[in-house]
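Visitor: Got a structure for you, written out below as structure tokens; questions coming shortly.
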Amino acid sequence: MAEHAAESEEFGVLRSKRNATRYQILVEIAERQPAVNQREVADAIGITAQAVSDYLGDLIEQDYVEKHGRGRYEVTKEGVDWLISQTEELRGFIQHVSEDVIGQVEVETAIATTDVAEGETVSLTMRDGVLRAMAGDTGGATAVAVTDADAGGDVGITNFQGVVEYDLGAVTAVSIPHVRDGGSRTVDPDRLRELAADHDLLAVAGVEALVAATDADLEPDVRFGSAAAVQEAATKGIDVLLLATATRLSAHTDELREGNVSYEVVDAAEE
Numbered sequence: 000m001a002e003h004a005a006e007s008e009e010f011g012v013l014r015s016k017r018n019a020t021r022y023q024i025l026v027e028i029a030e031r032q033p034a035v036n037q038r039e040v041a042d043a044i045g046i047t048a049q050a051v052s053d054y055l056g057d058l059i060e061q062d063y064v065e066k067h068g069r070g071r072y073e074v075t076k077e078g079v080d081w082l083i084s085q086t087e088e089l090r091g092f093i094q095h096v097s098e099d100v101i102g103q104v105e106v107e108t109a110i111a112t113t114d115v116a117e118g119e120t121v122s123l124t125m126r127d128g129v130l131r132a133m134a135g136d137t138g139g140a141t142a143v144a145v146t147d148a149d150a151g152g153d154v155g156i157t158n159f160q161g162v163v164e165y166d167l168g169a170v171t172a173v174s175i176p177h178v179r180d181g182g183s184r185t186v187d188p189d190r191l192r193e194l195a196a197d198h199d200l201l202a203v204a205g206v207e208a209l210v211a212a213t214d215a216d217l218e219p220d221v222r223f224g225s226a227a228a229v230q231e232a233a234t235k236g237i238d239v240l241l242l243a244t245a246t247r248l249s250a251h252t253d254e255l256r257e258g259n260v261s262y263e264v265v266d267a268a269e270e
């Protein structure tokens, strides 16, 4: 933590409360100019109107603000330049925090495939769409456990190294005609059962699709939010059979294309 604190000293606007307040006041003036109500500025940043008046006097003396009459102020070019410089430093600080600090303490959850002790290095794999952690660093992707876990339990992990390698799932979509065009009655139940046997997960979208699954003695795994669910499952290595009413199919294929997930549409019509 001391190292992080030392690095933050490089960012001028954070060096002192005074600098931070000057920055906030300049931003408020720039947003409101030329008619600036000191009470509104004070309320916006949580200080007194008298404090705003004192800061304004300092900013005018520094040539960051010009006064054009009672209640009329304008940020000068020098003031804008100072704002830009401080904003750039803040942007750099935010990047440092997000990449170097938060990135180091991000915690994911995995299923422990062996007993795991807090602080132990674990190897990561993806199976059945779930991240799994095994004690030891024998895999191509590793992390450090931040909790204890028994085999089969959930374990927190951080400090990721390497890439978890796994194949994307495949999506097979069956377009079920709208009820006006025959609906579920046009679908071959045997064909649906054959397709379902080759996939890990069954999703349905639309009443016609649900009835078609029921007629084939299939129990859907996903009935609601199916477009997002199918895409997420496929990106985690799950093979999905999607039964979708014709009017709803395009919403699912659009989602799959956006996620760069491959799919095929097959026919399951009753012969």
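Counting along the sequence shown from 1, when you hit position 147 you're at 146 in numbering that gives the first Met the number 0, and nothing is skipped either side.
Even for Gly, the Cβ is constructed at its ideal location relative to N, Cα and C.
Bear in mind that the values here come from a model prediction, so they are computed numbers and not experimental data.
#1: Specify whether the region 194-201 and the region 217-224 touch according to this definition: at least 3 beta carbon pairs, one from each stretch, less than 8 Å apart.
#2: When you compare the CB positions of A132 and T146, do they come within less than 8 Å of one another, or not?
#3: With a threshold of 16 other CB atoms inside 10 Å of the CB of K67, please say whether the residue is buried or exposed.
#4: Taking the beta strand (DSSP E) that T20 falls in, what are its first and last residues?
#5: Taking buried to mean at least 16 other C-beta atoms within 10 Å of its own C-beta, is A150 buried or exposed?
#6: For F92, does the three-state DSSP call read helix, strand or coil?
#7: Please confirm whether L25 and Y63 have their CB atoms less than 8 Å apart.
#8: Identify, in the order they occur along the chain, each residue of the same chain with its Cβ nearer than 6 Å to the Cβ of A250, setting aside the five sequence neighbours on each side.
#9: Mind reading off the beta-carbon distance from R184 to L217? Whole number of angstroms is fine, and I expect it under 8 Å.
#10: Between which two residues does the alpha helix (DSSP H) holding S261 run?
#11: Using only the alpha-carbon positions, how far apart do A29 and V106 sit?
#12: Would you kindly report the start and end of the unbroken alpha helix (DSSP H) that includes A245?
#13: Of all the options R21, A268, A195, V163, which has the alpha carbon lying nearest to the alpha carbon of T124?
#14: In chain order, what residues of the same chain have a beta carbon less than 6 Å from the beta carbon of V154, not counting five sequence neighbours either side?
#15: Thinking C-beta only, is E263 closer than 8 Å to Q230?
#16: Can you name the start and end residues of the beta strand (DSSP E) that T171 belongs to?
#17: Thinking C-alpha only, which one of S174, T234, L194, D180 is nearest D208?
#18: Count the other C-beta atoms from every protein chain shown that fall within 10 angstroms of the C-beta of A5, then say buried if there are 16 or more, exposed otherwise.
#19: Have a look at Q85, V74, A195 and flag the residue whose alpha-carbon is nearest the alpha-carbon of Q32.
#20: According to DSSP, which residues form a beta bridge with Y72?
#21: Identify which residue in L82, A172, I46, R90 has its Cα closest to the Cα of R247.
#22: If you drop the 5 nearest sequence neighbours on each side, which residues of the same chain put their C-beta closer than 6 Å to that of E215?
#23: Tell me the rounded alpha-carbon separation between K235 and R256.
#24: Kindly list the residues whose CB is nearer than 7 Å to the CB of W81, restricted to its own chain and excluding five residues on each side of it in sequence; keep chain order.
#25: Around the C-beta of R90, are 16 or more other C-beta atoms found within 10 angstroms, so that it is buried, or is it exposed?
Guide: Once the coordinates are examined:
#1: yes
#2: no
#3: Per the sequence presented here, residue 67 reads as His, with Lys not at that position. Exposed, by the Cβ-count rule.
#4: Run containing T20: none in the beta strand (DSSP E); it sits in the alpha helix (DSSP H), 16-31.
#5: Result: exposed.
#6: helix
#7: In contact: L25 and Y63 (Cβ atoms closer than 8 Å).
#8: A226
#9: With 8 Å as the limit, R184 and L217 do not qualify as a contact, their Cβ atoms being about 16 Å apart.
#10: Looking at the DSSP string, S261 is not in any alpha helix (DSSP H), and its letter there is neither H nor E.
#11: 40 Å
#12: 245-257
#13: V163
#14: A109, A111, V115, A132, A144, T146, A148
#15: no
#16: Segment 170-175, the beta strand (DSSP E) holding T171.
#17: Checking the sequence shown, residue 208 turns out to be Ala, not Asp. Among S174, T234, L194, D180, the Cα nearest to that of A208 belongs to S174.
#18: The predicted position of A5 is uncertain, since its pLDDT is 33 and thus under 50; a value taken from the coordinates is nonetheless stated next. When all chains shown are included, A5 counts as exposed.
#19: V74
#20: K66
#21: A172
#22: Checking the sequence shown, residue 215 turns out to be Ala, not Glu. If we look at A215 and ignore the five residues flanking it on each side, its Cβ neighbours are P188, L191, R192.
#23: CA-CA distance, K235 to R256, rounds to 15 Å.
#24: Cβ within range, chain order: Y63.
#25: exposed
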